[in-house]
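Note sheet for the following structure.
Protein chains in written order, with full-length UniProt numbering: chain A, 1 to 103; chain B, 1 to 103.
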C-alpha cells in the first residue's frame, strides 16, 4: 500500500486531479454524505469499472490524501480524511457535496 | 474560437480538470486577485510555456467555462467569469485564492 501524505503534505493539484474523475468524485461524495465516517470497502461504492481500474482509482484518491485505506486481508477499508481535508482546503468538501445536477 | 458554456452548462468535472494543472490554476489565481476584473492578454500571465501550449491552456480554461476570451486582432483578451463561477460553484474561487503554500 502506497504512502499517504500527511496533512501538511496535501497539495491542491493532486487533489483536483483526483476529483476531476467522475467515478473518484462519486466515491468522495458518497463518503461525505455518511457523517458517521464508517469504514467502507472499495467494492461497496458499486463503481461500474474493472477491478484493476477500481484499484487505480483508490490509489489516486489515497495518494492525493483524500482517503485513508487499510488492508483487511482479502479486502481493504476506506475512510474519508474529512478533518484533514477540511483544515487544509476549507470549503472543498462542501463544494463537492453540493455539485449541481445536470440541467 | 470555441464555444463557451453558459452558466447552466458549467460542470464540475471539466472545471476541476482545468484547475488541476498548475499553470492554468495560476492564471485563474492571478485573475481572482485582480478585483477590478480588467481584461488581460494571454501573454500577460508570463507562463513559462510555448505559444501552442499556452493556447491549449486557455482553450481548456475557456471550454470549462472559467474564462471568457475575445479576439482582439493579433491578441486575445481574457476575463474571469467570476459571478457565474461563484453562483454555480460557491466557494471554489475562495478555495483557489487561499491555496496553501508548500510547507
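In this text, a Cβ means the ideal position worked out from N, Cα and C, and glycines have one as well.
Inter-residue distance for residue 96 of chain A and residue 29 of chain A is about 6 Å (C-alpha atoms, whole angstroms).
Within the same chain, Cβ atoms closer than 8 Å to the Cβ of residue 9 of chain A are found at 65, the five residues on either side in sequence being excluded. Here residue 24 of chain A has 18, 57, 60 and 61 as same chain residues with Cβ atoms under 7 Å from its own Cβ, once five neighbours each way along the sequence are excluded.
Within the same chain, Cβ atoms closer than 7 Å to the Cβ of residue 7 of chain A are found at 84, 87 and 88, the five residues on either side in sequence being excluded. Within the DSSP bridge table, the entry for residue 60 of chain A names no partner. Scanning its chain for C-beta atoms nearer than 6 Å, with the 5 sequence neighbours on each side dropped, one finds around residue 75 of chain A the residues 41, in chain order. Spatial neighbours of residue 14 of chain A in its own chain (CB-CB distance under 6 Å, excluding positions within 5 residues in sequence) are listed in chain order as 64. DSSP lists B:41 and B:70 as the bridge partner or partners of residue 77 of chain B. Closer than 9 Å to the CB of residue 81 of chain B there is not a single CB belonging to chain A. In terms of beta-carbon proximity, residue 22 of chain A lines the interface with chain B, with at least one pair separated by less than 9 Å. The criterion of a C-beta distance shorter than 9 Å is not satisfied by residue 81 of chain B and residue 47 of chain B. Annotation: residue 3 of chain B to residue 39 of chain A spans about 43 Å, alpha carbon to alpha carbon. Interface criterion met: the Cβ of residue 99 of chain A is under 9 Å from a Cβ in chain B. Taking residue 68 of chain A as the centre and dropping the five residues before and after it, the same chain places the C-beta of 79 and 81 closer than 6 Å to its C-beta, in chain order. Around residue 54 of chain A, the same chain offers 42, 43 and 47 as residues with beta carbons nearer than 8 Å, after the five sequence neighbours per side are excluded. Per the coordinates, the alpha-carbon of residue 32 of chain B lies some 30 Å from the alpha-carbon of residue 33 of chain A. Taking a 10 Å sphere around the C-beta of residue 11 of chain A, we find 16 or more other C-beta atoms and assign the residue as buried.
DSSP places residue 15 of chain B inside the alpha helix (DSSP H), whose first and last residues are 12–20.
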